[in-house]
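Just so you know, the sequence shown maps onto residues -12 to 893 in the numbering used here.
We put the beta carbon where it would ideally sit given N, CA and C, even for glycine.
Please read the structure below before turning to the comments.
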Amino acid sequence: MFPFFSRSKMSDAPEVNPAPAKTQETHPLDALTGGAFSAATSSERASRIREWLATQPAPEQLQEVFKELSGRDKGAARAVREKLDEIRRAKGQEAIAAEWADKAQVLLAAPKLNIADALAWQRDAAKAGAPLSREPLSLLKVQLADRVKVIEDLQHRVQVQREAAVLLAQRIEVLSTKSWKDAQAALELLRADVARWQEQAEELTGDASWVSVEARFPPLLEASRTQLLVVWDAFQPAVAQAAAAAEDAAAPLPPVPVWADELRVARGLPTEAAAAAVAAKPARPVRPKVDPQVLEQAQQLVREALVTLEKETAEGHGKASAGAAAALRAVLKVHGKHIDTPLEQQVHAALVAAGELEGWQRWSADQVREDLVARAEALLHRPEGQVLGGRKMQESLRQLREQWKQTDQGGAPNHALWKKFDEACNAAHKVVEAWLDKIRSEAAEHKAQRVALIEEVKAWAQDQAASGDWKAINRALHQFGDRWREGGHVGEKIFAELQPLWKQAIGAAAAPLESAQKESLARRHAMIDEAVALGAAPALRIDAVKALQQRWQAEAQAVPLDRRHEQKLWDAFRKPIDEAFNRKSADREKAVTELSARDRVVLEASKALEAANASGDAQQIRTAMQALDAALRGQAQAAQVVASAQKAEQEQGGALAVPAQAAPENVASGEAIEGAESAPARPAPKPAARPVVAVRGDDRPGMKKDAPVAPGRGGRPGDHRDGRGERDAGRGARPDSRDRGGRFGDRLGHEDRGPRLGDAAFRAQRDAMEHAQLALRKLAAQAHGEALTQLLTAWEKRDAALLPGTQELGGGVTAAVRSAWAQALSAPAAGDAGEALLRLEMAADAPTPAEYLAARRALQLQLLTRRNDPAPAQTWGQDTARVLAGQHDAAVARRLQNVLKTLLRK
-12 MFPFFSRSKM
-2 SDAPEVNPAP
8 AKTQETHPLD
18 ALTGGAFSAA
28 TSSERASRIR
38 EWLATQPAPE
48 QLQEVFKELS
58 GRDKGAARAV
68 REKLDEIRRA
78 KGQEAIAAEW
88 ADKAQVLLAA
98 PKLNIADALA
108 WQRDAAKAGA
118 PLSREPLSLL
128 KVQLADRVKV
138 IEDLQHRVQV
148 QREAAVLLAQ
158 RIEVLSTKSW
168 KDAQAALELL
178 RADVARWQEQ
188 AEELTGDASW
198 VSVEARFPPL
208 LEASRTQLLV
218 VWDAFQPAVA
228 QAAAAAEDAA
238 APLPPVPVWA
248 DELRVARGLP
258 TEAAAAAVAA
268 KPARPVRPKV
278 DPQVLEQAQQ
288 LVREALVTLE
298 KETAEGHGKA
308 SAGAAAALRA
318 VLKVHGKHID
328 TPLEQQVHAA
338 LVAAGELEGW
348 QRWSADQVRE
358 DLVARAEALL
368 HRPEGQVLGG
378 RKMQESLRQL
388 REQWKQTDQG
398 GAPNHALWKK
408 FDEACNAAHK
418 VVEAWLDKIR
428 SEAAEHKAQR
438 VALIEEVKAW
448 AQDQAASGDW
458 KAINRALHQF
468 GDRWREGGHV
478 GEKIFAELQP
488 LWKQAIGAAA
498 APLESAQKES
508 LARRHAMIDE
518 AVALGAAPAL
528 RIDAVKALQQ
538 RWQAEAQAVP
548 LDRRHEQKLW
558 DAFRKPIDEA
568 FNRKSADREK
578 AVTELSARDR
588 VVLEASKALE
598 AANASGDAQQ
608 IRTAMQALDA
618 ALRGQAQAAQ
628 VVASAQKAEQ
638 EQGGALAVPA
648 QAAPENVASG
658 EAIEGAESAP
668 ARPAPKPAAR
678 PVVAVRGDDR
688 PGMKKDAPVA
698 PGRGGRPGDH
708 RDGRGERDAG
718 RGARPDSRDR
728 GGRFGDRLGH
738 EDRGPRLGDA
748 AFRAQRDAME
758 HAQLALRKLA
768 AQAHGEALTQ
778 LLTAWEKRDA
788 ALLPGTQELG
798 GGVTAAVRSA
808 WAQALSAPAA
818 GDAGEALLRL
828 EMAADAPTPA
838 EYLAARRALQ
848 LQLLTRRNDP
858 APAQTWGQDT
868 ARVLAGQHDA
878 AVARRLQNVL
888 KTLLRK
């Protein structure tokens, strides 16, 4: 056999050395993180980590701390990881911001800025996730926007200058048709306007952003300048020459026909037209006399044509005025020899005005045509990313051609510009042709798909003709409908051909489902009628309602209907049933509100207990708890019934004593009343028995029963033992186990708890009891703390009179222990309390300060050798007396308080 021990335990005990206290090594990163690694709890560690993160540590330090902390506390490491992620995101944002800032700087530094490039920079930067709302991108975005705004303003001003040049040229041309004196009077004002226009044009071209203007605007401004200067350079010498010719009859006449004729008339010479006519034609012979009626008719025709021409000219209709002028010339060819000289001069002036209008409108129409040509050529030369699609291109070409037609209607055609315009439109129309080819191919493909879908529906309808799974059929029909709607675009003509075929196929496929839905509707309406009948019945049959609801659910699962229609049917079905249940709930609530006498007694006792809880008096709370317990057991109500019966006997003057003994405290009030009724020859009327609420079956508060059960514990298991009836009449009554004291006769009988409480009374007594128990626990804890404080105060002052009593100290402190404490406090301070404190901490299983751990382990080893000595848990009273006999010390007092908190509660 092997020996269990090589040496005796008694010889080893003194040689055992106490283990030194275990010191915790400091983590290298503890100083960096403010003591996060040495924190006692996770919340404290997380708090210190957050404080350290507020100092903005370096990323390397964050990475090192996260590596060490992730294995220890993932909750505290989460904040470090979030900080690292934030730094990474910030670096990524900074890189993106730097990249797009460089691109913006390049755009701003370029001498020519394209508006499309600036807008594309902002759009692409937003897509790339660049922080446009932060510096420096926000400032660059504002600078680009300002630059684009300047360029757009320049382009707008170019258009304004162009219109101003046209208006100035029109003023000059209008003045050339009036008297030269009017032109001379307006010369200075025109000179100032032309000079101002030239200054504004020079200001536009000298702007730093002029190079960034679109390519079509500089030619427009230059053309307007050239046209204005040509007209102005011809107008000034003509006015000066007209003024000189007016002063000197030998001076040459101005080149303006109207002014020259005016000067000729002023000199007494014939006009140029008259002189040319005289020189070209010989002297007219004497006209033969013409019939006055013919002259009048000729003048009337000429005047009508003249009025028409003047009207069209005044309204500015170029094409209509040209037609009216041609009509007037045709009339003059026939009747010109029959009109007088004043009418002939009016005709000549009207023809001159119509010719000038036609020339001006021809020039303005050419400007519109040139703009249309530029727009047609620009359709294929759009910036990258702004290329027009097929439909948009088709609409643009259609609009351009319509505008060209409108321009041709207002003026003479220009074949050269039309050729350029038509070539540009044809080149752009190739995009439309490619798009149309694509549309046609897609339409053919979509048509084939739709035809195949129709055939698939027909085949599916034949396969599913005998199927009874209506939900699957309905789902498949919806899927077919979705596929038809998503079948792609086809032309209107093709769609008109396919739509009737589709309706015919889907109608044939849905015919069985529609017939099943009609039958299901009939069944559901019948069930609705049954629900109305059940809801109107005086007694609600729960089993019938459940069966009807199950039938409805089965019908709804079998045959699907339209969601809205099905919801309406369901609402109509459940409405009468819900109304019936609501009536039942109302009746139940009404019954609950009717409190019985016992419920009122319990409610009053509960309120008294709540008042005692609010007072804070422990004795009052216990008394109220006993009263509530008596009310729950029915003692209070039984006492009231007995008192009322005795009072009735005294009033009747009955001399007979009640043979029945007083009911015990745990007997229900019904039994007391029955005992009072059993008295023979008592003249007092029999008091009415209180109805029993607790019966077999549904005994919830508020439930009404038509027939009351027999008094006693009706409705509970075991009632059949007392109500056998005639079956056991011959054998006599069998003793109840409650009367004979249990199975072996060693237990007392069960208490009769009386009728069941109502819901309000039950909840009130339960809450009152819980509050009372909580209040007693709080008062006990408060008293315990006060007793402990008084004990420490008595030790500090060494006054035995301040020592609390035995009842205040609790059941764990006997009179002998308290007297020992009083003697220790009465005597002078002496002795060492170190070992006694260690024994108390061992008895209370309380922690010992680190500096005394070695002494505690040594004492524990010594106690192992003293097998017959009592344990510290048995001698803690004597150990406390030894501590109280010693000198008072704050540290010792804290240790004593910690152990007595536990020991006084045992």
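A straight line joining the alpha-carbon of V374 with that of V198 spans about 24 Å. Beyond the five residues adjoining it in sequence on each side, L216 comes within less than 6 Å, by CB distance, of no other residue in the same chain.
With fewer than 16 other Cβ atoms from the protein chains shown falling within 10 Å of its own Cβ, R853 counts as exposed. Nearest to V181 by C-alpha distance, out of T610, K784 and R158, is R158. In the assembly as shown, E443 is an exposed residue. Its beta-carbon has fewer than 16 other beta-carbons within 10 Å.
Taking each of L508, I564 and Q544 in turn and checking the Cα distance to K533, the smallest one comes out for I564.
In this structure, A762 is the residue among D530, E364 and A762 with its C-alpha nearest to the C-alpha of Q606. For the options Q537, R203, D604 and G864, the alpha carbon positioned closest to that of A759 is the one of D604. In terms of Cα proximity to A27, the closest of L527, D616, E38 and D60 is D60. Residues W184, S211, R212, Q214 and L215 of the same chain have their beta carbon placed closer than 8 Å to that of A152, with the five preceding and five following residues left out of the count. Where L590 is concerned, the enclosing alpha helix (DSSP H) starts and stops at A584 to S602. If you draw a straight line from the Cα of R32 to the Cα of A787, it comes to about 47 Å. Scanning the stretch 22 to 91 for uninterrupted alpha helix (DSSP H) segments of 4 residues or longer gives 29 to 40 and 46 to 56, listed from N- to C-terminal end. Counting C-beta pairs with one atom in each stretch, the stretch 114 to 122 and the stretch 82 to 93 have three or more that are closer than 8 Å, which means they touch. Under a 10 Å Cβ-count criterion, P791 is classified as buried, with 16 or more other Cβ atoms of the shown protein chains found around its own Cβ.
Here the stretch 86 to 98 makes no contact with the stretch 49 to 58; the two share fewer than three CB pairs at distances below 8 Å.
If you compare the alpha carbons of Q554, G478 and K458 with that of E429, the shortest gap goes to G478.
With distances taken between CA atoms, S593 lies nearest to A748 out of A802, A748, V870 and N569. Restricting attention to beta strand (DSSP E) runs no shorter than 3 residues, the stretch 280 to 341 encloses none.
Rounded to the nearest angstrom, the gap between the Cα atoms of R149 and P400 is 23 Å. Here the alpha carbons of K417 and W489 stand approximately 36 Å from one another. Of the candidates E357, A814, E73 and Q286, the residue whose Cα lies closest to the Cα of W391 is E357. In the DSSP assignment, N413 falls within the alpha helix (DSSP H) that extends over H402 to D450. Judged by DSSP secondary structure, H512 falls within the alpha helix (DSSP H) whose first and last residues are E479 to A523. Per DSSP, E201 lies in no alpha helix (DSSP H) and is assigned neither H nor E. Remark: C-beta atoms of A830 and A860 approach each other more closely than 7 Å. The alpha-carbon separation between A363 and R369 amounts to approximately 11 Å. Taking the CA atoms as reference points, A599 sits about 36 Å from W782. Judged by DSSP secondary structure, G821 falls within the alpha helix (DSSP H) whose first and last residues are G821 to A831. Judged by DSSP in its simplified three-state form, E122 adopts coil rather than helix or strand.
Here A172 carries a helix assignment [DSSP, helix/strand/coil].
Boundaries of the alpha helix (DSSP H) harbouring H465: W457 to R472, taken from the DSSP string.
For the 7 Å CB-CB criterion, L779 and A880 form a contact. DSSP places L871 inside the alpha helix (DSSP H), whose first and last residues are W863 to A872. L527 sits in coil when the DSSP states are folded into three classes, being neither helix nor strand.
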